[in-house]
Every structure is written in structure tokens, then in C-alpha cells.
Ligand code: ZN
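In the working numbering, the protein residues as written are 1 to 188.
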């Protein structure tokens with residue numbers, strides 16, 4: 001699965017509820033988790049890989065990977081905490097975000113089994129971050145406007161730089177190929 005990044009309109013869409021958790025969700029769940037592992041993330045939501053449905057995967061250290069389908073946040077603590085977050089869709093950007101310290105969430109897993117989970121600390125944070133993705137909200141949308149604008153600017157700059165670097169690398173490969181073609185030509 002390919003991860004969509006900031007600027008892609010899909011990330012701003014509210015995802016649709018999953019109507020029926022059929023067998024195909026076993027496969028989707030597996031692919032979400034594989035992508036999450038490949039990218040070394042701790043959470044990944046459907047909309048980030050172009051699936052506009054209410055599904056996400058999390059994998060927190062010392063726990064098994066978990067799939068949440070059609071989740072509802074049924075309780076949030078009054079107490080909030082500020083903690084640094086990042087997002088696979090906004091690579092290279094990390095900011096402190098304020099969120100409830102603990103939550104209670106109800107969802108279905110990839111086998112269609114309903115569950116209720118109480119989470120605190122990093123688990124609560126990841127679940128709320130992924131839940132936001134289903135609502136078309138990115139963590140930078142939770143920052144004060146000025147800060148958000150600065151972050152977007154920084155992201156655009158790094159992206160332009162990286163694109164230029166990639167272009168130069170591609171150009172170099174092209175030139176080297178050309179040279180070796182010429183060399184080969186002169187050798188024969
Ligand atoms: Zn994210």
C-alpha cells in the first residue's frame with residue numbers, strides 16, 4: 001500500500017462506515033499492518049492509503065497489532081496531556097499536540113468481533129490520532145493556526161528539496177548510462 005501525504009485531498013475526506021465486515025477485511029487488515037511495519041509507524045488509517053472507510057491499524061510496543069473498524073470514542077478523560085506526534089502522511093514533521101490522557105473506545109476487529117478497550121498514554125494518543133484520520137483531520141489541524149502554517153511551509157520546503165534531490169539523482173543516473181553507452185560504443 002502506498003501512503004498518501006499532506007496535500008492529497010483524500011486525507012481531508014470523512015471516511016464512510018464499513019457496511020459489512022466480510023472476509024476481504026482480513027486481507028485489508030493484513031496489508032494495513034504490513035504497511036505499518038514497513039514504514040515503522042505505530043498507527044495507520046484507511047484514508048492514508050486511499051481507502052476511504054472507517055478502519056485503522058495500530059501496533060504499539062509490547063502489544064499485538066490491532067484493527068479498529070467503525071470505531072466510536074465513547075469516553076475521554078477530562079485530563080489532557082501534551083505529547084510530540086508525527087504522522088506517516090507528514091514525514092519529517094513532529095509537533096506537540098494536546099489530547100485527552102485516557103479514552104474508552106468501541107470498535108469491531110477484522111473478524112467482525114465487537115470489543116471495548118480502555119486506553120491511556122501512548123495507546124490513547126495513537127487511537128485518537130487515527131480516529132481523526134477517519135474524520136479527515138490531521139494532527140497539524142489541532143495546532144494553533146500560525147504554528148500550523150509554519151509547519152506546512154516547512155513541509156513544502158523539504159518536499160521541494162527532496163524532489164530536486166531525486167531529480168538530480170535521476171539525471172546523474174541518466175548521464176552515467178549515457179556515458180557508459182558512449183564508452184561501450186568506443187570500445188567496439
Ligand atoms: Zn497520521
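C-beta: ideal position from N, C-alpha, C; glycine also.
Is residue i helix, strand or coil by DSSP?
| i | result |
| --- | --- |
| residue 158 | helix |
| residue 116 | strand |
| residue 180 | helix |
| residue 9 | helix |
| residue 127 | helix |
| residue 109 | coil |
| residue 150 | helix |
| residue 99 | strand |
| residue 71 | strand |
| residue 143 | coil |
| residue 93 | coil |
| residue 53 | strand |
| residue 85 | strand |
What is the rounded straight-line gap between the Cα of residue i and the Cα of residue j?
| i | j | result |
| --- | --- | --- |
| residue 170 | residue 35 | 26 Å |
| residue 100 | residue 6 | 25 Å |
| residue 142 | residue 19 | 29 Å |
| residue 128 | residue 26 | 23 Å |
| residue 91 | residue 164 | 17 Å |
| residue 136 | residue 96 | 19 Å |
Compare the beta carbon distance of residue i and residue j with 7 Å and say whether it is the shorter of the two.
| i | j | result |
| --- | --- | --- |
| residue 109 | residue 67 | yes |
| residue 140 | residue 151 | yes |
| residue 104 | residue 75 | yes |
| residue 80 | residue 98 | yes |
Among the residues of its own chain, which have a CB less than 6 Å from the CB of residue i, if the five just before and after it don't count?
| i | result |
| --- | --- |
| residue 56 | 45, 68 and 130 |
| residue 72 | 106 |
| residue 1 | 31, 35 and 49 |
Using CA coordinates, which residue listed in the options is at the minimum distance from residue i?
| i | options | result |
| --- | --- | --- |
| residue 37 | 134, 52 and 64 | 64 |
| residue 42 | 25, 149, 87 and 17 | 87 |
| residue 77 | 89, 95, 113 and 119 | 119 |
Given residue i, which residues of its chain have a CB within under 8 Å of its CB, disregarding the five upstream and five downstream residues?
| i | result |
| --- | --- |
| residue 3 | 35, 39, 44, 48, 49, 88 and 89 |
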